[in-house]
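Protein chains in written order, with our numbering: chain C, 646 to 762; chain U, 646 to 762. Data first, discussion second: the structure below is written as structure tokens.
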DNA sequence: AGCTTTCATCGTCTTTTTACGATACCAGAG
DNA sequence: CTCTGGTATCGTAAAAAGACGATGAAAGCT
């Protein structure tokens, strides 16, 4: 059933996310809310850390994130939930574990919105 | 007494903020907190709006911000306080009014930190 | 001196965030 | 099937954020 196991040692573990150019506007009424929402997702040191961890890792990383942070497992899980809700990361159940990776498209969007300031 | 009145129609109202290149690191322990703090300052639609307003205006803008937002004056004042505390904007009393402008250096710093993700 | 305008701060209330332990869930090992 | 390890979710508590009206302070006008 095509188990999509973590790629052993390739460039990154991002499952071919949308890589096209983003043509959406970078300012306007709704865009303010969009930027605010993305900024809020990153508005916590632990979540910044998580995003960085996922970006730097060549493999998918699962709950090893918990070991990297001085927080309880449930708290880390909450932060992951926030990041996922914002679309910054994605997660997929991998047997007993869960594999997380960043959503490059949303990260690019965040960069574009901030850069457009 | 050199009243520093709002420049009538020049490029921007930014009073010659530090314009040198920023050589501080863009990742690391303390940097996560720095980015988180800056992101938090922008993690609200009203504050994004304010920053944009101040960036786009050729004149300084004062409490006209209040007229642009669907919020009470005290609430807007609070948002301005948050932005000022984060170093993203600066304010100076101008007679009975207060002149706000963005701090380009901090905005650049934010852009650098996000771009480095 | 009074009055008005402009803005900040205070006090209060409501909502959201953050954090944790406890518990439930699910997949794999034995 | 039972146990175990890895996660998510629940319940709860504390803290912070967000919003508003009321009040206060300073400046300018009459």
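We put the CB at the ideal spot given by N, CA and C, even for glycine. All values derive from a computational prediction rather than experimental measurement.
Distance between residue 698 of chain C and residue 714 of chain C (C-alpha atoms, nearest Å): Residue 714 of chain C and residue 698 of chain C: Cα-Cα distance of roughly 10 Å.
Cut-off 6 Å between Cβ atoms - residues of its own chain near residue 759 of chain C, not counting five sequence neighbours on either side: For residue 759 of chain C, where only same-chain residues beyond five positions count, there are no Cβ hits under 6 Å.
Buried versus exposed, by CB contacts within 10 Å (16 or more), residue 738 of chain C: Burial call: exposed.
Closer than 8 Å to chain U by CB, residue 724 of chain C: So no, residue 724 of chain C is outside the interface.
Neighbourhood of residue 752 of chain C by C-beta distance below 7 Å, restricted to the same chain and skipping five residues each side: Cβ-Cβ distances below 7 Å link residue 752 of chain C to 733 in the same chain, with the five nearest sequence neighbours on each side left out; the list follows chain order.
Bounding residues of the beta strand (DSSP E) (the contiguous stretch that carries residue 753 of chain U): Taken as a continuous stretch (DSSP letters only), residue 753 of chain U belongs to no beta strand (DSSP E), being part of the alpha helix (DSSP H) at 749-760.
Under 9 Å by beta carbon: chain U residues contacting residue 729 of chain C: Against chain U, a Cβ distance below 9 Å from residue 729 of chain C picks out nothing, because the smallest value is about 17 Å.
Bridge partner(s) assigned by DSSP for residue 736 of chain U: Bridge partners of residue 736 of chain U: U:745.
Short Cβ contact (8 Å threshold) for residue 687 of chain C with residue 755 of chain U: Result no, Cβ atoms of residue 687 of chain C and residue 755 of chain U do not sit closer than 8 Å.
Contact set between the segment 690-716 of chain U and chain C, restricted to residues whose Cβ is under 7 Å from the partner: Against chain C - using a Cβ distance shorter than 7 Å - the residues of the segment 690-716 of chain U are 690, 693, 694, 696, 697, 700.
Closest Cα partner of residue 689 of chain U within the set U:711, U:671, U:669, U:727: Residue U:727 is the option with its Cα nearest to residue 689 of chain U.
Separation of residue 667 of chain C from residue 710 of chain C, as counted between CA atoms: Distance from the CA of residue 710 of chain C to the CA of residue 667 of chain C, rounded to the nearest whole angstrom, comes to 30 Å.
Residues in the segment 730-756 of chain U having any Cβ partner in chain C nearer than 7 Å: For the segment 730-756 of chain U, the set of positions with a beta-carbon nearer than 7 Å to some beta-carbon of chain C reads 752, 755, 756 in chain order.
Test: residue 762 of chain C CB closer than 8 Å to a CB of chain U: Interface flag for residue 762 of chain C against chain U is set, since a Cβ pair is found closer than 8 Å.
Chain U contact for residue 669 of chain C (CB, 8 Å cutoff): Not an interface residue.
heavy atom of the ligand MN below 7 Å from residue 685 of chain C C-beta: In terms of ligand content, the structure shown is empty, and the ligand MN therefore cannot be addressed.
Three-way DSSP call (helix, strand, coil) for residue 711 of chain U in this model: Residue state, collapsed to three classes: helix.
Interface flag, residue 721 of chain U vs chain C, CB-CB below 8 Å: No, because no Cβ of chain C sits closer than 8 Å to the Cβ of residue 721 of chain U.
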